[in-house]
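This report concerns only the one structure given below.
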Amino acid sequence: MSNYDDLPSELKRQVAFYLSSKDLAALSCVNKSQAAVAQDQLYYAPEILKPDEGYRLMLLLRTLFARPQLMQKTHSLSIAVVDCSMPFGPESSLKVTEEHRHFWDDSEDSPWCPDYHDIQAKLIHQLSKHGVTELSNPEWIQKIQKWYTAPFYGGLLTILPNLEHLSLSCYVKPVTEPVIAQIRRWGLGSPFSNDIKRVRPPCRIAEGRNDGFPNNLFGLSKDEDLDSTVSQHFKLKMLDLVSGYLSRPFWQFYGLQCIKLSSQSAIACGPFPTRLEICLTHGFNDWSLAELGLYLRSGSLLKHIKIRFEPLPDEKGGIHPNVRFWHFSNLLKTMEASASTLETLALVPTDYAKMDIFRYIDQDLCFWRFTQLRKLTLPSQWSSQSKVGKLPPNIEELKLLFTHPMASQLADDIVNHKLEFGKLCRLDLVFQGESDVAVEESFWAKFKDNRISVYVWVREHSLFAARPA
1 MSNYDDLPSE LKRQVAFYLS SKDLAALSCV NKSQAAVAQD QLYYAPEILK
51 PDEGYRLMLL LRTLFARPQL MQKTHSLSIA VVDCSMPFGP ESSLKVTEEH
101 RHFWDDSEDS PWCPDYHDIQ AKLIHQLSKH GVTELSNPEW IQKIQKWYTA
151 PFYGGLLTIL PNLEHLSLSC YVKPVTEPVI AQIRRWGLGS PFSNDIKRVR
201 PPCRIAEGRN DGFPNNLFGL SKDEDLDSTV SQHFKLKMLD LVSGYLSRPF
251 WQFYGLQCIK LSSQSAIACG PFPTRLEICL THGFNDWSLA ELGLYLRSGS
301 LLKHIKIRFE PLPDEKGGIH PNVRFWHFSN LLKTMEASAS TLETLALVPT
351 DYAKMDIFRY IDQDLCFWRF TQLRKLTLPS QWSSQSKVGK LPPNIEELKL
401 LFTHPMASQL ADDIVNHKLE FGKLCRLDLV FQGESDVAVE ESFWAKFKDN
451 RISVYVWVRE HSLFAARPA
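Heads up: the sequence shown begins at 1 in the UniProt record's numbering, then just goes up one per residue.
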């Protein structure tokens, strides 16, 4: 039987992939050979996934500055950024510092020490090697000196030479203190919403300010200055963007062509995410939709989109007009360039009880332009209008969301699609309660005979039944 020590380094790295950070740290203390394997995995894909874990950023920077060779090992980075001021700037009094401490770090044993000032100075020095100085980019350097968090994260992105994959979650600056219930209303429907106690509503950002994430994180001084020279971060091969809400500064950065449609250099420099998740709330309006449309039609390499529609009742008890689904369906009808690269599309409501928002789906909505689409998630309202035949020919996995039992005609339409194109192999049916699950035995037979695996879910996360093909 083989001994672990006799395994080649490549196999050891694969084993280390399944270990937690604490286990890897313990492994690195065994001997030098194990330390090399553990360090490779620890620094290959660092994660800072909570907005209150800013101290982990400082610890990571301190380690990288102490051992510069580790910068070469980082190829992937996952970060959650809250654009706020760190509570230990020299301009802050001790009282204000302690009062706002939780904005940056909620831990009781945080490194509250002068070392942070040393890290700040070393970061500015490292950025100067990449051409970022107080002369070339005074706003970015000044914000680092004033202890804003986003520029520190942006500095980390700049000094990592082999960074290929960035997963970026952005959150608003905490300046007000609404009740937690308002957080969801403002579109922060994220895994971290319970950790954010103070948020700024999106409307405050859409007032033409230039100090949002695009500027602070990536060192951009003014929107009109974007050109091909702003390309230091666009070496990424994959960019995942998760934003709790839709705001103009985000889209001005995510799709640079929305700012300079006539500038080919601006379009070429990206960065174009391959994965995008957004929530369309009551703050979503026509000009936002127009910019989103320009971005989607830009010829980007976008492959995965998940859009959560949040219906809000207006004074008359109907659906808020700014989030009617037909706005988005009209956008889909005009899709051209990006349609050939899209592989995954999910259109889901944030509140299943109000899924009637999808009654606004345009009668002529057709997904045929999505020639590379493999996975599609839709509400049952769409399929109930006999549009299954308009699904892309290469669709392989289809997920339908129900608020009522499944109709027999829908099963026939799905089977006919499989008979015509031969690609569909998996069907997920998501119901809101066990009482709605009324899939007749004849349905199972139809799907099985045509080699379609069917999975029935209750509230999306509880598997009710499974019939593999």
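Just so it is clear, CB atoms sit at the ideal spot from N, CA and C, and this is done for glycine as well.
Could you tell me the alpha carbon to alpha carbon distance between residue i and residue j, rounded to whole angstroms?
| i | j | result |
| --- | --- | --- |
| L378 | K399 | 6 Å |
| T63 | H461 | 39 Å |
| H165 | I48 | 14 Å |
| D449 | E397 | 17 Å |
| H125 | K143 | 15 Å |
| Y55 | K122 | 16 Å |
| T74 | L60 | 11 Å |
| residue 472 | G433 | In the structure as shown, the chain begins at 1 and stops at 469. Residue 472 is therefore absent and cannot be evaluated. |
| G155 | Q39 | 22 Å |
| R467 | V437 | 14 Å |
| W140 | K146 | 10 Å |
| R459 | S380 | 14 Å |
| L391 | R426 | 14 Å |
| F421 | P8 | 46 Å |
| L373 | F447 | 21 Å |
| Q69 | I119 | 17 Å |
| D23 | S167 | 24 Å |
| L127 | Q34 | 33 Å |
| L463 | L27 | 37 Å |
| D115 | C29 | 25 Å |
| A66 | V37 | 19 Å |
So, helix, strand or coil for residue i, using DSSP?
| i | result |
| --- | --- |
| R459 | coil |
| T63 | helix |
| P379 | strand |
| T371 | coil |
| A411 | helix |
| F464 | strand |
| F402 | coil |
| K12 | helix |
| L49 | coil |
| V37 | helix |
| S442 | helix |
| I395 | coil |
| I452 | coil |
| T74 | coil |
| L345 | strand |
| L424 | coil |
| A25 | helix |
| H165 | strand |
| L135 | coil |
| A150 | helix |
| A469 | coil |
| residue 494 | This structure gives no information on residue 494, because the portion of the chain shown stretches from 1 to 469. |
Can the beta-carbon of residue i be found closer than 8 Å to that of residue j?
| i | j | result |
| --- | --- | --- |
| W457 | V415 | no |
| L160 | M58 | no |
| I452 | A465 | no |
| L376 | L401 | no |
| F423 | N394 | Just to set this straight, residue 423 is Lys in the shown sequence, not Phe. For K423 and N394, yes; Cβs fall inside 8 Å. |
| Y153 | I79 | yes |
| L11 | L77 | no |
| D412 | Y455 | no |
| L347 | F370 | no |
| H130 | T158 | yes |
| V81 | A150 | yes |
Is any non-hydrogen atom of the ligand SAH found closer than 7 Å to the C-beta of residue i, if you look at the structure I gave you?
| i | result |
| --- | --- |
| D413 | What this structure holds is no ligand at all, so the ligand SAH is not there to describe. |
For the region 441 to 448 and the region 395 to 414, state whether three or more C-beta atom pairs, one from each stretch, are separated by less than 8 Å. Output reads yes: the region 395 to 414 touches the region 441 to 448.
Counting Cβ pairs closer than 8 Å, one from the region 134 to 145 and one from the region 26 to 46, do we hit at least three? Put simply, the region 134 to 145 does not touch the region 26 to 46. Fewer than three CB pairs are less than 8 Å apart.
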